[in-house]
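Residue numbers (our numbering): 943 to 1195. Think of the CB as a built atom: it goes at the ideal place given N, C-alpha and C, for glycine as much as any other residue.
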């Protein structure tokens, strides 16, 4: 059920509330015919999601400052808030199917919920629901690595070639099978990321010195993929990551 929000209650009912659940705000006016057409679709979409999205209504005539604050120039104007900010919006009395799609983008999918749960059983179900999602495949593979099921981890990321993290896991399994740098991955599993990266880069530099024709051989390529996979987990502006990326570039070129 939509709640009427005013300039006084907006911060609490929309901004703060959106930190717990997405809030869809319908900017409307009594005289607006398209607004009356859109309202039932908005209310039905909210009701169908059983508390996973909240719906609020702002009368632009009575709350002109709010309309100006959010750049409302035509109504109905619908804006979705999450974590205190506008994350999606549309203008006009769009078809019901478009309203449903708009709400769907705000609500975590079943696979998202299972990914958040994080246990192997949930991740396996998420992978079955959305087999093309690399983030799910990578999370599942990591869980399998934790229990020493390397072949199962490799199977989890199969088909996700091109994703840095997935390629890194595949390279890790291949390297361990070949007996290359197992201590590096043991360090990684202990949370010693710097030690792991250092050991892998040492191995890559050593492999480069013995590569025929000055190029990377298969071993060097696997080491590169493993290193890139680990670095992909770090923020681009992380100073440690920047340092290792520079060293990686030097080793490769």
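Nearest-angstrom Cα separation, counted from residue j out to residue i
{"i": "residue 984", "j": "residue 993", "result": "14 angstroms"}
{"i": "residue 1053", "j": "residue 1133", "result": "27 angstroms"}
{"i": "residue 1067", "j": "residue 1039", "result": "28 angstroms"}
{"i": "residue 1099", "j": "residue 1017", "result": "47 angstroms"}
{"i": "residue 1105", "j": "residue 970", "result": "44 angstroms"}
{"i": "residue 1074", "j": "residue 1111", "result": "17 angstroms"}
{"i": "residue 1072", "j": "residue 1044", "result": "20 angstroms"}
{"i": "residue 1191", "j": "residue 1061", "result": "36 angstroms"}
{"i": "residue 967", "j": "residue 1021", "result": "5 angstroms"}
{"i": "residue 1070", "j": "residue 1117", "result": "28 angstroms"}
{"i": "residue 1122", "j": "residue 1148", "result": "12 angstroms"}
Cutoff 7 angstroms; reference residue i; Cβ partners in own chain excluding five residues on either side
{"i": "residue 1115", "result": "1092, 1095 and 1096"}
{"i": "residue 1102", "result": "1076, 1079 and 1108"}
Cβ neighbour criterion (16 or more within 10 Å) applied to residue i
{"i": "residue 961", "result": "exposed"}
{"i": "residue 1172", "result": "buried"}
{"i": "residue 1150", "result": "buried"}
{"i": "residue 1186", "result": "buried"}
{"i": "residue 988", "result": "buried"}
{"i": "residue 1051", "result": "exposed"}
{"i": "residue 1011", "result": "exposed"}
Integer Cβ distance of residue i from residue j, believed to fall under 8 angstroms
{"i": "residue 995", "j": "residue 1048", "result": "6 angstroms"}
{"i": "residue 997", "j": "residue 952", "result": "Wrong, their Cβ atoms sit about 14 angstroms apart, outside the cutoff."}
{"i": "residue 1083", "j": "residue 1168", "result": "Incorrect: roughly 13 angstroms between the Cβ atoms, too far for contact."}
Spatial neighbours of residue i in its chain, beta-carbon cut-off 6 angstroms, leaving aside the 5 residues before and after
{"i": "residue 949", "result": "1005, 1007 and 1008"}
Between the stretch 1028-1040 and the stretch 1000-1008, can you find at least three pairs of beta-carbon atoms closer than 8 angstroms? no
Under 8 angstroms: do the stretch 1081-1097 and the stretch 1135-1148 share three or more Cβ pairs, one atom per stretch? no
Inter-stretch contact (C-beta, 8 angstroms, three-pair minimum) for the stretch 974-988 and the stretch 1022-1032: no
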